[in-house]
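Visitor: Numbering (the numbering used here), first residue to last: 359 to 653.
Note that CB positions come from ideal geometry on N, CA and C, so glycine has one too.
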Amino acid sequence: MTRMRPLRLLVVEGNPKAMRERHAAVSGQTPSAFYSDVLTQLTAAEKLEATIDVCYPADEGANLPDGAGVGSYDGAVITGSGLNLWKAERESLVQVDFARTIYDAGVPFFGSCWGLQVAAAAAGGEVKLNRRGREIGIARSIHLTDAGRDHALHAGRAQVFDAPAIHSDEVAAVPPGATVTAVNDLCAVQAAEIRHGDGVFWGVQFHPEYTFAELGGILTRYTPIMLEEGFFRDSAEAAAYIADLVALDADPARKDVAWRLGVAPSVLDPKIRRTELINWITRQVLPALSARTRA
Numbered sequence: 359m360t361r362m363r364p365l366r367l368l369v370v371e372g373n374p375k376a377m378r379e380r381h382a383a384v385s386g387q388t389p390s391a392f393y394s395d396v397l398t399q400l401t402a403a404e405k406l407e408a409t410i411d412v413c414y415p416a417d418e419g420a421n422l423p424d425g426a427g428v429g430s431y432d433g434a435v436i437t438g439s440g441l442n443l444w445k446a447e448r449e450s451l452v453q454v455d456f457a458r459t460i461y462d463a464g465v466p467f468f469g470s471c472w473g474l475q476v477a478a479a480a481a482g483g484e485v486k487l488n489r490r491g492r493e494i495g496i497a498r499s500i501h502l503t504d505a506g507r508d509h510a511l512h513a514g515r516a517q518v519f520d521a522p523a524i525h526s527d528e529v530a531a532v533p534p535g536a537t538v539t540a541v542n543d544l545c546a547v548q549a550a551e552i553r554h555g556d557g558v559f560w561g562v563q564f565h566p567e568y569t570f571a572e573l574g575g576i577l578t579r580y581t582p583i584m585l586e587e588g589f590f591r592d593s594a595e596a597a598a599y600i601a602d603l604v605a606l607d608a609d610p611a612r613k614d615v616a617w618r619l620g621v622a623p624s625v626l627d628p629k630i631r632r633t634e635l636i637n638w639i640t641r642q643v644l645p646a647l648s649a650r651t652r653a
């Protein structure tokens with residue numbers, strides 16, 4: 359029996375330096391460091407060794423892997439970001455170009471939120487400000503499409519589910535080769551598979567990787583915006599909501615807090631919450647690694 363070598367995964371940080379430093383100041387880690395820790399936990403749960411590298415395409419002078427370098431990885435993941443693709447800033451467009459490099463390398467490809475948007479734009483789709491408004495905290499009543507019910511991305515998911523989320527943009531026009539697998543009332547593309555060139559991308563608009571503490575840190579930064587947009591009446595209400603999130607992270611058995619926030623048991627369970635990310639590892643990354651190891 360051929361023993362598989364350790365996984366090599368690439369995490370693509372979606373934020374420029376200033377944004378990720380602001381994030382880390384509140385949450386304790388950059389999005390890419392947090393995502394790397396989650397991937398380490400998930401691969402360890404599968405009894406796999408993994409080496410995880412991080413790259414920073416939004417940074418000036420970033421030393422990014424070329425096609426051959428990307429091709430040496432067993433999977434690539436793009437994190438969330440505070441950028442907006444419709445602004446067409448350099449920090450955004452360079453990530454779209456890099457996503458095309460990942461597609462061309464044929465490496466299993468995953469993204470949360472911003473990652474889905476970048477992958478869609480790289481394949482010819484369009485991202486716009488969501489006219490329905492911001493989705494923040496817990497995305498409610500996400501439901502699988504007909505295509506999504508039997509898709510391996512969502513294996514083990516209920517037909518309707520909630521998930522941590524924060525975004526004001528959405529994929530407004532899906533690219534050729536895309537299959538929308540989940541939607542809800544606030545967002546027409548909550549999950550999708552995108553086939554482009556030699557690559558296959560699986561992605562979600564929500565954040566399966568998030569803990570409630572991470573979500574609380576992000577909402578702390580977003581409190582002024584949430585007050586302005588009417589999500590909270592005042593700072594005290596915002597602080598109480600965030601404190602509940604942190605309390606739920608520390609003790610998921612707090613039925614009182616879960617009830618108050620309307621958090622379903624499936625969202626409390628990290629294995630269920632991370633369904634799509636786990637499925638990507640087990641159903642995209644591992645089969646590709648196995649094939650390469652045999653070769």
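Run the CB neighbour count on Ala-605, radius 10 Å, all protein chains shown included, and call it buried at 16 or more, exposed below.
Guide: It is buried - the Cβ of Ala-605 has at least 16 other Cβ atoms within 10 Å.
Visitor: Go through its chain and collect everything with a Cβ distance to Ala-536's Cβ below 6 Å, but skip five positions before and after it.
Guide: Cβ within range, chain order: Ala-550 and Ile-552.
Visitor: Around the C-beta of Asn-542, are 16 or more other C-beta atoms found within 10 angstroms, so that it is buried, or is it exposed?
Guide: The residue is buried, with at least 16 neighbouring Cβ atoms inside 10 Å.
Visitor: So which of Gln-453, Val-476, Leu-397 and Ala-426 has the shortest CA-CA distance to Gly-561?
Guide: Comparing Cα-Cα distances from Gly-561 to each of Gln-453, Val-476, Leu-397 and Ala-426, the minimum goes to Val-476.
Visitor: Considering only the alpha carbon of each residue, which of Glu-447, Ser-499, Val-547 and Phe-559 lies closest to Gly-464?
Guide: Closest by alpha carbon: Phe-559.
Visitor: Short of 7 Å in beta carbon distance, which residues of its chain neighbour Val-621, apart from the five on each side in sequence? Order them along the chain.
Guide: Excluding sequence neighbours, Val-621 sits near Ile-496 and Leu-606.
Visitor: Classify Met-359 as helix, strand or coil using the three-state DSSP reduction.
Guide: Confidence at Met-359 is low in this model, with a pLDDT of 38, below 50, so its placement is unreliable and no value can be given for it.
Visitor: So, are the CB atoms of Leu-443 and Ala-480 less than 7 Å apart?
Guide: The answer is no: Cβ separation not under 7 Å.
Visitor: Give me the residue from Asn-421, Ile-500, Ala-420 and Pro-374 with the minimum Cα distance to Glu-447.
Guide: Nearest option by C-alpha distance: Pro-374.
Visitor: If the criterion is Cβ atoms closer than 7 Å, does the pair Tyr-414 and Ala-408 meet it?
Guide: Cβ atoms of Tyr-414 and Ala-408: not closer than 7 Å.
Visitor: Could you tell me which residues DSSP pairs with Glu-528 in its beta bridges?
Guide: According to DSSP, which records beta bridges pairwise, Glu-528 is partnered with Lys-486.
Visitor: Going by DSSP, which residues form a beta bridge with Val-541?
Guide: Answer is His-501.
Visitor: Please return the same chain residues whose Cβ sits closer than 6 Å to the Cβ of Gly-473, not counting the five positions on each side in sequence.
Guide: Cβ neighbours of Gly-473 beyond the five flanking positions: Ile-436 and Gly-561.
Visitor: Can you give me the C-alpha to C-alpha distance between Leu-367 and Glu-484, rounded to a whole angstrom?
Guide: C-alpha separation (whole angstroms): 27 Å.
Visitor: In or out: Arg-489 buried (at least 16 other Cβ within 10 Å) or exposed?
Guide: Exposed is the call here.
Visitor: What's the gap between the Cα of Met-359 and the Cα of Ser-648?
Guide: Bear in mind that a pLDDT of 38 at Met-359, under 50, signals an unreliable position, so the number given afterwards is only what the model happens to contain. In a straight line, the C-alpha of Met-359 is about 11 Å away from that of Ser-648.
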